[in-house]
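Visitor:
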RNA sequence: GGGCCGUUAACUCAGGAGGUAGAGUAUCUGCCUUUUAAGCAGAGAGUCGCCGGUUCGAAUCCAGCACGGCCCA
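In the numbering used here, the protein residues as written are 271 to 767.
Okay, here's the thing in structure tokens:
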């Protein structure tokens, strides 16, 4: 206790003093009938005289954000989940001992107040308090009222404080909730079934990434946190659910950056009897709906200074076209492995022994094309080598029917026509196994049960995954993925609290 | 993994030619019944991230470490 700062010590003393006067510091059971946003909405248009004649009693609760105290009256602003309002506590109106309690209230306390609305001299809608209850005592000072909480480390570590004092942070997470809700609605309306598949996998499949490893004691087996739900969702296509989707977390044991958090949220969906081309159209429709529902109907938005226009149809390039026309990659690089090696070297890209032509081209793509794809752009027909679960392109067996969507220089979605030939799938897994043995740690593992499922027959289908965090970044103009994840991953604090 | 930057009061930040620290907010006391970054008067509050080194003396200079940020791989 001795290392607590003076403000906390004083609050503890004040709390003890209030308890000696029989004031409960953490009572419950006090009903709160009204919410500030509805008070504001219902009375926004009412003039001072109308309010005076009205005198309807309201009861609201919230956290005290500011206090302006006079001898026999006090102004406070309190905030609840959605909005804030000014309250006016007058000694004559409230009476003792409540007024004495109100005088002792600290910024950060949670209170319940009852009273009627009026307008101040400056025309601000204000609640005249006739009933005042302390609901929760605050023992730690809130950040400075004008600058708020700016320290990025503190904002992430103590998100609860960040949310308390930074309204735009609350708005970002409200928007995130609306986006996810809108996505669910979009798929449900189109007859997709929302499902939950395992988060713990015996084989971490469905993507190229390093997994987190854990151990189940009772079963005495190692398990991996999933890197993608793909193989389970496709087992459901085998089972007869023709349209499924899942909104959930994936875990990848890789670097942390402004675009990567070790756990991130994806919506992944599969539609039988569709192709990747159908999903391009569906993706455009999804964004159109998101614009209507969370972007106030506007079909463009500003992201970090770039104006992004979602009007369909979006630009489409094949992977190779994009390399040569957008990335200015020389023709010989797309034509031969030697050319690609030369090109990669000239760009300073490190080359691993197990990497073939297709893999090298994707690394070149990431460097010279991806950052230039600011407007929504579909890139399709990817190299087979980097797509072990996608259907081969008819007439071009080195390529697959797959696209990725790029917006603001970032990969936003990945989709393909699903490979449903179990013989081809087994060969692909064997190729991956060879890559793994050659040193590619991210190569896909053999999944015999998945092959068995395909042998029962999976209908021709297409599937897609969309990164929700990056989507939210876009719609909230957030520069870092940590701004759209409530509790981003951090190293533990060493200092005592 | 590499480079650059940051870490000073609860918060936002100054200071930094080496001589043990400042402001505003917040807090405490007093005055104040329409304020809103309320006001006025006064007060308290910091092992300057940690650990070493140089020095008579380090928040300041140097090395290492921790945490964080940005960029690169």
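All C-beta atoms in this analysis are idealised placements derived from N, C-alpha and C, irrespective of residue type, glycine included.
Could you tell me the alpha carbon to alpha carbon distance between residue 305 and residue 327, rounded to whole angstroms?
Guide: Position 35 of the first chain, counted from the first residue, corresponds to residue 305. Position 57 of the first chain, counted from the first residue, corresponds to residue 327. Cα to Cα, the separation comes out at about 13 Å.
Visitor: Can you find a heavy atom of the ligand NAD that lies under 8 Å from the Cβ of residue 573?
Guide: Among the components of this structure there are no ligands whatsoever, and the ligand NAD is therefore not found.
Visitor: Using DSSP with H/G/I as helix, E/B as strand and the rest coil, what is residue 679?
Guide: In the first chain, residue 679 corresponds to position 409, counting from 1. Reduced to three states, the DSSP call for residue 679 is coil.
Visitor: Please go through the same chain and pick out, in chain order, the residues whose beta-carbon is closer than 7 Å to the beta-carbon of residue 639, but skip the five residues on each side of it.
Guide: By one-based count along the first chain, residue 639 stands at place 369. Cβ within range, chain order: 592, 593, 596 and 597.
Visitor: Per DSSP, residue 540 is paired with what?
Guide: In the first chain, the residue the question calls residue 540 occupies position 270. In DSSP, residue 540 forms a bridge with 514 and 733.
Visitor: Note the first and the last residue of the continuous beta strand (DSSP E) segment covering residue 356.
Guide: Sequence index remark: in the first chain, residue 356 carries index 86 (1-based). Residues 354-360.
Visitor: Tell me whether residue 657 is buried or exposed, calling it buried when 16 or more other Cβ atoms sit within 10 Å of its Cβ.
Guide: Counted from its first residue, the first chain places residue 657 at position 387. By the neighbour-count rule (16 or more Cβ atoms within 10 Å), residue 657 is buried.
Visitor: Taking only three categories from DSSP, how would you classify residue 272?
Guide: In the first chain, counting from the first residue as 1, residue 272 sits at position 2. Here the model assigns residue 272 a pLDDT of 39, short of 50, so the residue's position is not dependable and the matter cannot be decided.
Visitor: Can you name the start and end residues of the alpha helix (DSSP H) that residue 410 belongs to?
Guide: Here residue 410 corresponds to residue number 140 of the first chain, with the count starting at 1. Element bounds for residue 410: n/a, residue is neither H nor E.
Visitor: Measuring only the C-alpha atoms, how far is residue 604 from residue 542?
Guide: Indexing the first chain from 1 puts residue 604 at position 334. Indexing the first chain from 1 puts residue 542 at position 272. About 33 Å.
Visitor: What number of angstroms, rounded off, separates the C-alpha of residue 533 from the C-alpha of residue 498?
Guide: Taking the first residue of the first chain as position 1, residue 533 is located at position 263. Taking the first residue of the first chain as position 1, residue 498 is located at position 228. The straight-line gap from Cα to Cα measures roughly 11 Å.
Visitor: Taking three-plus beta-carbon pairs below 8 Å as touching, is the segment 313-331 in contact with the segment 359-366?
Guide: Contact fails: fewer than three Cβ-Cβ distances are below 8 Å.
Visitor: Give the C-beta separation of residue 548 and residue 732 to the nearest angstrom, bearing in mind that I take them to be a contact with Cβ-Cβ under 8 Å.
Guide: By one-based count along the first chain, residue 548 stands at place 278. By one-based count along the first chain, residue 732 stands at place 462. At roughly 6 Å, the Cβ-Cβ gap stays under 8 Å, so residue 548 and residue 732 are in contact.
Visitor: Can you tell me whether residue 497 is helix, strand or coil according to DSSP?
Guide: For the purposes of this step, residue 497 is taken as the residue at position 227 of the first chain. Of the three classes helix, strand and coil, the one that applies to residue 497 here is coil, per DSSP.
Visitor: Checking the sheet assignment: what are the DSSP bridge partners for residue 491?
Guide: Taking the first chain and counting its residues from 1, the one referred to as residue 491 is at position 221. Partner(s): 486.
Visitor: Check for me: the beta strand (DSSP E) holding residue 632 runs from which residue to which?
Guide: Within the first chain, residue 632 is the residue found at index 362, counting from 1. No beta strand (DSSP E) holds residue 632; the alpha helix (DSSP H) holding it covers 627-638.
Visitor: In this structure, how does DSSP classify residue 400 when only helix, strand and coil are distinguished?
Guide: For the purposes of this step, residue 400 is identified with residue 130 of the first chain, where counting begins at 1. If DSSP states are grouped into helix, strand and coil, residue 400 belongs with the strands.
Visitor: As a quick exercise: from 616, 757 and 445, pick the residue whose alpha carbon is nearest that of residue 599.
Guide: Within the first chain, residue 599 is the residue found at index 329, counting from 1. Residue 616 is the option with its Cα nearest to residue 599.
Visitor: Since residue 686 sits in a beta bridge, which residues does DSSP pair it with?
Guide: Counting from 1 along the first chain, the entry for residue 686 is found at position 416. 672 and 733.
Visitor: Can you check which of these residues, 585, 565, 303 and 530, is closest to residue 647 by C-alpha distance?
Guide: Stepping through the first chain from its first residue, residue 647 is reached at position 377. Cα-wise, what sits closest to residue 647 is 585.
Visitor: Tell me, please, which residues DSSP counts as bridged to residue 716.
Guide: If you number the first chain from 1, residue 716 lands on position 446. Beta-bridge pairing links residue 716 to no other residue.
Visitor: For the segment 373-388 against the segment 408-417, do three or more pairs of beta-carbon atoms, one drawn from each stretch, fall closer than 8 Å, so that the two count as touching?
Guide: Output reads yes: the segment 408-417 touches the segment 373-388.
Visitor: Pull the bridge partners of residue 653 from the DSSP assignment, please.
Guide: Sequence index remark: in the first chain, residue 653 carries index 383 (1-based). Looking at the DSSP assignment, residue 653 forms a beta bridge with 669.
Visitor: Please check the pair residue 661 and residue 631, which I expect to be a contact at CB under 8 Å, by giving their CB distance rounded to whole angstroms.
Guide: Taking the first chain and counting its residues from 1, one reaches residue 661 at position 391. Taking the first chain and counting its residues from 1, one reaches residue 631 at position 361. Incorrect: roughly 19 Å between the Cβ atoms, too far for contact.
Visitor: Count the C-beta pairs between the segment 703-721 and the segment 614-628 that are closer than 8 Å, then say yes if the count reaches three, no if not.
Guide: Contact between the segment 703-721 and the segment 614-628 is present, because at least three Cβ pairs lie under 8 Å.
Visitor: Residue 287: buried (16+ other C-beta within 10 angstroms of its C-beta) or exposed?
Guide: To locate residue 287, count along the first chain from 1; it is residue 17. Residue 287 is exposed by the Cβ-count criterion.
Visitor: What first and last residue would you give for the beta strand (DSSP E) that runs through residue 530?
Guide: Along the first chain, one-based indexing puts residue 530 at 260. Careful: residue 530 lies outside any beta strand (DSSP E) and carries neither H nor E.
Visitor: Beta strand (DSSP E) containing residue 708: first to last residue?
Guide: Position 438 of the first chain holds residue 708. Taken as a continuous stretch (DSSP letters only), residue 708 belongs to no beta strand (DSSP E), as it is neither H nor E.
Visitor: Tell me, to the nearest whole angstrom, how far the beta carbon of residue 395 is from that of residue 389; I am working on the premise that it is less than 8 Å.
Guide: In the first chain, residue 395 corresponds to position 125, counting from 1. In the first chain, residue 389 corresponds to position 119, counting from 1. At roughly 6 Å, the Cβ-Cβ gap stays under 8 Å, so residue 395 and residue 389 are in contact.
Visitor: Three-state secondary structure (DSSP) at residue 750?
Guide: One-based indexing of the first chain puts residue 750 at position 480. Reduced to three states, the DSSP call for residue 750 is coil.
Visitor: Buried or exposed: residue 275, going by 16 or more other Cβ atoms within 10 Å of its Cβ?
Guide: On the first chain, residue 275 is found 5 positions in, with the first residue counted as 1. By the neighbour-count rule (16 or more Cβ atoms within 10 Å), residue 275 is not buried but exposed.
Visitor: Excluding the 5 residues preceding and the 5 following residue 289 in the sequence, name in chain order all residues of the same chain whose CB lies nearer than 8 Å to its CB.
Guide: One-based indexing of the first chain puts residue 289 at position 19. Cβ within range, chain order: 295.
Visitor: Using the Cβ count rule (16 or more neighbours within 10 Å means buried), how would you classify residue 669?
Guide: Here residue 669 corresponds to residue number 399 of the first chain, with the count starting at 1. Counting Cβ neighbours within 10 Å, residue 669 comes out buried, since at least 16 surround it.
Visitor: Hey, how far is the Cα of residue 318 from the Cα of residue 307?
Guide: Taking the first residue of the first chain as 1, we reach residue 318 at position 48. Taking the first residue of the first chain as 1, we reach residue 307 at position 37. Between residue 318 and residue 307, the C-alpha separation is close to 19 Å.
Visitor: One question on the structure: do residue 284 and residue 335 come within less than 9 Å of each other, judged by their Cβ atoms?
Guide: Here residue 284 corresponds to residue number 14 of the first chain, with the count starting at 1. Here residue 335 corresponds to residue number 65 of the first chain, with the count starting at 1. For residue 284 and residue 335, no; Cβs fall outside 9 Å.
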